[in-house]
Amino acid sequence: MAGYDGREVNEHGADQIRRLVVVSNRLPVVLSKSAGGWRSEPGSGGLVTAIAPVLRNRGGLWIGWPGTAGREDLSGALDRATRDVGYSLVPVSLDKEEVDQYYRGFSNEIIWPLFHDLQTKCNFDPLYWDTYREVNRRFAEVTRDHTAPHDFIWVHDYHLMLTAQNLRALGTEARLGFFLHIPFPPLDIFVKLPWRREILRALLSYDLVGFQTLRDRRNFVQCLIALLPGTSVRGRGQVCQIESGERAIRSGAFPISIDSRQFESDSASHDVAESAWHIHENLPDRQIILGVDRMDYTKGITDRLRAFRRLLERHPEHRDEVTLVQVVVPSRRGIPGYESLKIEIEGLVGEINGQLTGPSGKVPIHYIYRALERTELLGYYRASEVALVTPLKDGMNLVAKEYCACSLEENGVLILSEFAGAAAELQRGALMVNPYDIAGVADALHKAVTMRPDERHRRMHQLRQSIKQHDIFWWVDSFLRASIERDLSSFPVVEDYVPGRRPAV
Ligand code: GDG
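Residue numbers (this note's numbering): 7 to 511.
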């Protein structure tokens with residue numbers, strides 16, 4: 007039987023679902039205004055790559071905000087984009103005030119920091135909640151108008167936690183799934199949310215609620231049990247059954263991944279090899295340590311810079327041997343906290359470079375503040391001897407997986423935060439670190455840059471095997487199967503990660 011990406015899956019494969027409808031905050035297209043009107047370019051990224059074939063093969067659709075505030079007529083551009091991508095794109099229009107309060111406000115000043123355990127950064131403005139509810143209702147109305155009872159509606163991420171509840175109120179009978187791309191916090195953090203019960207009840211309106219890791223699902227269950235008495239849970243594997251009041255739903259851990267074969271073949275291309283060669287040519291005789299992040303306070307960039315400084319202070323012999331290339335991609339401009347973070351990062355880079363640039367003129371940190379073209383990004387992945395991925399907390403972290411997929415010679419070293427969702431799957435091959443422990447990260451850096459080739463190879467081989475086995479197509483398929491399969495015991499036990507515990511190597 008054909009699987010979702012057209013490859014073979016078992017006979018219970020997810021293709022029992024007739025039509026897939028994806029709902030997310032943003033449509034998978036990038037719109038730009040030119041002299042001749044609106045132009046659109048297809049979005050990129052793993053999620054779009056994995057879901058697009060399913061949508062195309064089943065005449066599915068994607069519902070989302072096109073990314074432009076106001077009620078401009080985008081129908082021409084979206085019709086053209088629909089023809090290009092091969093499935094329908096349905097816009098949900100939002101005006102500027104709604105974008106400010108639902109997206110910038112509730113989603114990114116409340117849920118984003120709280121769910122990353124940073125409650126001191128939250129602005130619990132009640133106005134944000136009102137608009138969040140209103141916009142979730144609007145998403146539900148548009149979805150109701152474009153769907154039928156046999157569809158499977160798959161809603162993505164923290165912007166749309168209330169959409170199913172609204173859809174049910176509007177009479178939708180279709181099966182509803184939800185996937186949270188960011189972490190779900192533990193009870194003592196979640197409980198600070200003024201709308202904690204409303205959000206939990208709304209999530210129970212889905213038939214399947216998916217998380218990145220077992221830890222996130224455990225936190226969700228813990229919150230349900232504490233805040234909605236009478237909740238019970240059956241099953242401990244990848245997918246479990248939750249009963250709460252009138253509702254019986256499923257919940258699972260589905261670690262998102264990448265199209266690892268595509269990364270592998272793209273990184274083997276002539277253009278990427280040339281880009282990698284240029285990068286190393288300009289940094290001769292040096293090991294490159296790479297950081298790639300969206301500008302975000304959850305990514306641990308400042309602590310990482312301090313750990314790199316400590317490495318060079320403790321091991322002056324590395325000063326002429328290693329360079330940290332830190333790529334920061336501009337993100338969420340205008341949201342409080344992001345501008346000051348940029349100033350802090352840039353101040354620190356200047357300070358460290360000022361302190362540690364020696365007479366050779368070799369600058370310790372190369373700082374890049376812009377989005378790279380894909381070829382250049384892959385060039386950096388291939389050229390770098392070490393990837394330093396140290397978020398304070400992250401749903402998954404795809405950069406870690408992409409770096410490994412591009413390490414064709416299997417000689418790169420991954421240093422990974424214990425608090426990235428990816429820790430569960432990558433704990434055996436990576437050097438695991440506590441990103442708050444600056445001396446510990448400096449020690450891991452020393453270990454990485456002095457690691458023997460055979461150990462590098464053994465570790466990276468293990469990492470690549472695990473990423474190949476659980477790629478993005480596996481992720482889509484296992485999520486969709488979890489919503490229809492009768493026997494939950496057929497789902498494997500996914501790996502867990504307990505911070506502080508030493509993984510068996
Ligand atoms: C959220 C969750 C979860 C980065 N720089 C450039 C560039 N990128 C691409 C990477 C990667 C993506 O952006 C970043 O993904 P991450 O997973 O690392 O982080 P978030 O953006 O915070 O994503 C996260 C994810 O959702 C998926 O569920 O893993 O935990 O926070 O794909 O390659 N791409 C290009 N140029 C760059 O400079 N072209």
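Built from N, CA and C at the ideal position, the CB exists for glycine as well.
When you compare only the Cα positions, how much space is there between residue i and residue j?
i	j	result
Ile117	Asp101	21 Å
Pro261	Ala428	8 Å
Lys407	Phe190	21 Å
Gly183	Val504	27 Å
Arg64	Glu287	48 Å
Gly385	Arg300	18 Å
Ile421	Asp326	21 Å
Asp265	Pro365	44 Å
Ala313	Leu193	31 Å
Leu133	His165	15 Å
His284	Arg62	39 Å
Val455	Gly49	36 Å
Arg202	Glu461	47 Å
Gly111	Asn129	8 Å
Pro336	Thr304	14 Å
Thr219	Ala426	10 Å
Arg292	Ser275	24 Å
Leu26	Ser489	12 Å
Leu404	Phe185	16 Å
Arg77	Gly446	52 Å
Asn158	Ser413	A small correction: the amino acid at residue 158 is Phe; Asn does not occupy that position in the sequence shown. Those two C-alpha atoms are separated by around 37 Å.
In this structure, how does DSSP classify residue i when only helix, strand and coil are distinguished?
i	result
Phe260	coil
Asp101	coil
Val298	strand
Val369	coil
Phe121	helix
Gln433	coil
Glu14	Confidence is the limiting factor: at Glu14 the pLDDT is only 35, short of 50, which leaves the residue's position unreliable and the question unanswerable from this model.
Met7	Because the pLDDT at Met7 is just 30, under 50, the model does not fix this residue reliably, and the value given afterwards should be weighed accordingly. Coil, per DSSP.
Phe269	helix
Ser6	With the chain covering only 7 through 511, there is no way to say anything about residue 6.
Gln218	coil
Phe184	strand
Pro505	coil
Ala274	coil
Arg516	A query on residue 516 cannot be resolved here, the shown segment of the chain reaching from 7 to 511 and no further.
Leu168	coil
Val392	strand
Met457	coil
Ser375	Ser is not the amino acid found at residue 375; the sequence shown has Tyr there. If DSSP states are grouped into helix, strand and coil, Tyr375 belongs with the strands.
Leu354	helix
Cys412	helix
His162	strand
Leu133	helix
Leu199	coil
Leu33	coil
Leu420	strand
Which residues share a DSSP beta bridge with residue i?
i	result
Cys246	Ser257
Lys39	Trp44
Trp68	Val28, Leu95
Asp157	Arg25
Ala426	Asp400
Tyr138	Looking at the DSSP assignment, Tyr138 forms no beta bridge with any residue, so it has no partner.
At a threshold of 6 Å, does residue i count as lining ligand 1 (C-beta to nearest heavy atom)?
i	result
Asn403	yes
Ile117	no
Val35	no
Leu383	yes
Glu431	no
Arg223	no
Glu408	yes
Lys262	Reading off the sequence shown, one finds Ile at residue 262, where the question assumed Lys. True, at least one ligand heavy atom lies under 6 Å from that Cβ.
Arg338	no
Arg519	Given a span of 7 to 511 for the chain in the structure shown, any question on residue 519 remains unanswerable.
Leu296	no
His122	no
Ala75	no
Val335	yes
His187	yes
Asp449	no
Arg380	yes
Ala377	yes
Asp1	Only positions 7 to 511 of the chain appear in the structure, and residue 1 is not among them; the question remains open.
Arg300	yes
Length at least 3, wholly inside the stretch 285-343: the beta strand (DSSP E) runs in chain order: Here the runs fully enclosed are 293-300, 328-335.
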